[in-house]
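Colleague: In our numbering, the protein residues as written are 364 to 550. For each residue, glycine too, the CB sits at the ideal point set by N, CA and C. Just so you know, these numbers come straight off a predicted model, no measurement behind them.
Right under this line is the structure:
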């Protein structure tokens, strides 16, 4: 009977050890989860601060570019005013001395599209004149006050047998046209 007390203390010691070990494992796991949550929260705060400063920099740039918005719209043929582009093409003969005519016109149908939609306006121009006037007409077409390109330029001599040669030319002009966008700085 003397030994029963020792077994009882041994069982009690093992139960205390298992209880302490279980509490230690639980606390260790709880601390590890708390540290992970803390690191994740710090990373989220750092990302939010970074995003906030990037958003602020974007807004500053957006507001600083506001005076240039009106200039930008001038580079595109307004979809509701293609007549201004046609008049610019018809004005090629006045500045060059060559006789020019618009032989074909076509445009993308962007009416009813949302603001900022961009399409193309095509014109085929033909004409005649002296070599300098033909070259000047092509130069003026390349420098139209719109985002445009000149392609398919063909120049042929028309009166090869005469002393004063005349030259015929054809070219395609493609300009970007856009549905006007509001230039408000409010967001």
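Can the beta-carbon of residue 480 be found closer than 8 angstroms to that of residue 511?
Modeller: Translated into positions along the chain shown, residue 480 becomes position 117. Translated into positions along the chain shown, residue 511 becomes position 148. Contact flag unset, no.
Colleague: Indicate the three-state DSSP secondary structure (helix, strand or coil) for residue 512 in the structure shown.
Modeller: Here residue 512 is taken as the residue at index 149 of the chain shown, counted from 1. The answer is strand: DSSP assigns residue 512 an E or B state.
Colleague: Within the segment 445-501, note down every full beta strand (DSSP E) run reaching 3 residues or more, in order along the chain.
Modeller: Listed in chain order, the complete beta strand (DSSP E) runs (minimum 3 residues) inside the segment 445-501 are 462-470 and 481-492.
Colleague: Spatial neighbours of residue 364 within its chain, please: C-beta separation below 7 angstroms, excluding the five flanking residues on both sides.
Modeller: Here the question's residue 364 lines up with position 1 in the chain shown. Because the pLDDT at residue 364 is just 49, under 50, the model does not fix this residue reliably, and the point stays unresolved.
Colleague: Work out the CA separation of residue 405 and residue 385 for me, nearest whole Å.
Modeller: Position 22 of the chain shown holds residue 385. Position 42 of the chain shown holds residue 405. Cα-Cα distance, rounded: 30 angstroms.
Colleague: For the beta strand (DSSP E) holding residue 539, just list the boundary residues, first then last.
Modeller: As a working note, residue 539 is residue 176 in the chain shown. Segment 530-541, the beta strand (DSSP E) holding residue 539.
Colleague: If you pair each beta-carbon of the segment 416-424 with each one of the segment 456-465, do three or more pairs fall below 8 angstroms?
Modeller: Short answer: they don't touch.
Colleague: Among residues of its own chain, excluding the 5 on either side of residue 438, which ones have a beta-carbon nearer than 7 angstroms to its beta-carbon?
Modeller: What you label residue 438 is simply residue 75 of the chain shown in a count that begins at 1. Here the set comprises 509 and 510.
Colleague: So what's residue 555 in DSSP terms, helix, strand or just coil?
Modeller: The chain is shown only over 364 to 550; residue 555 falls outside these bounds and no answer can be derived.
Colleague: Quick check: the Cα distance between residue 506 and residue 476, rounded to an integer number of angstroms?
Modeller: In the chain shown, counting from the first residue as 1, residue 506 sits at position 143. In the chain shown, counting from the first residue as 1, residue 476 sits at position 113. Taking the straight line from one Cα to the other gives about 28 angstroms.
Colleague: Tell me the DSSP secondary structure of residue 527 in three-state form.
Modeller: Translated into positions along the chain shown, residue 527 becomes position 164. Residue 527 falls in the coil class under three-state DSSP.
Colleague: Please report the straight-line C-alpha distance between residue 548 and residue 478, rounded to a whole angstrom.
Modeller: The count along the chain shown starts at 1 and reaches residue 548 at position 185. The count along the chain shown starts at 1 and reaches residue 478 at position 115. The predicted position of residue 548 is uncertain, since its pLDDT is 47 and thus under 50; a value taken from the coordinates is nonetheless stated next. Going by the C-alpha atoms only, they are around 15 angstroms apart.
Colleague: Alpha carbon to alpha carbon, how far is residue 413 from residue 444? Give it in angstroms, no decimals.
Modeller: Locating residue 444 in the chain shown gives position 81, where the first residue counts as 1. Locating residue 413 in the chain shown gives position 50, where the first residue counts as 1. For residue 444 and residue 413, the distance between alpha carbons rounds to 44 angstroms.
Colleague: In whole angstroms, give me the CA-to-CA distance for residue 394 and residue 543.
Modeller: Residue 394 sits at position 31 when you count from the first residue of the chain shown. Residue 543 sits at position 180 when you count from the first residue of the chain shown. Cα to Cα, the separation comes out at about 60 angstroms.
Colleague: Evaluate residue 534 with the Cβ neighbour count: other Cβ atoms within 10 Å of its Cβ, from every protein chain shown; 16 or more gives buried, anything less gives exposed.
Modeller: Here the question's residue 534 lines up with position 171 in the chain shown. Residue 534 should be labelled buried.
Colleague: Taking the C-alpha atoms as reference points, what is the distance between residue 494 and residue 425?
Modeller: Numbered from its first residue, the chain shown carries residue 494 at position 131. Numbered from its first residue, the chain shown carries residue 425 at position 62. Spanning the two alpha carbons is a distance of roughly 47 angstroms.
Colleague: Who are the near neighbours of residue 530 in its chain, counting only those whose CB is closer than 8 angstroms to its CB and skipping five residues on each side?
Modeller: Position 167 of the chain shown, counted from the start, is the residue given in the question as residue 530. Excluding sequence neighbours, residue 530 sits near 491, 492, 493, 494, 497, 518, 519, 520 and 521.
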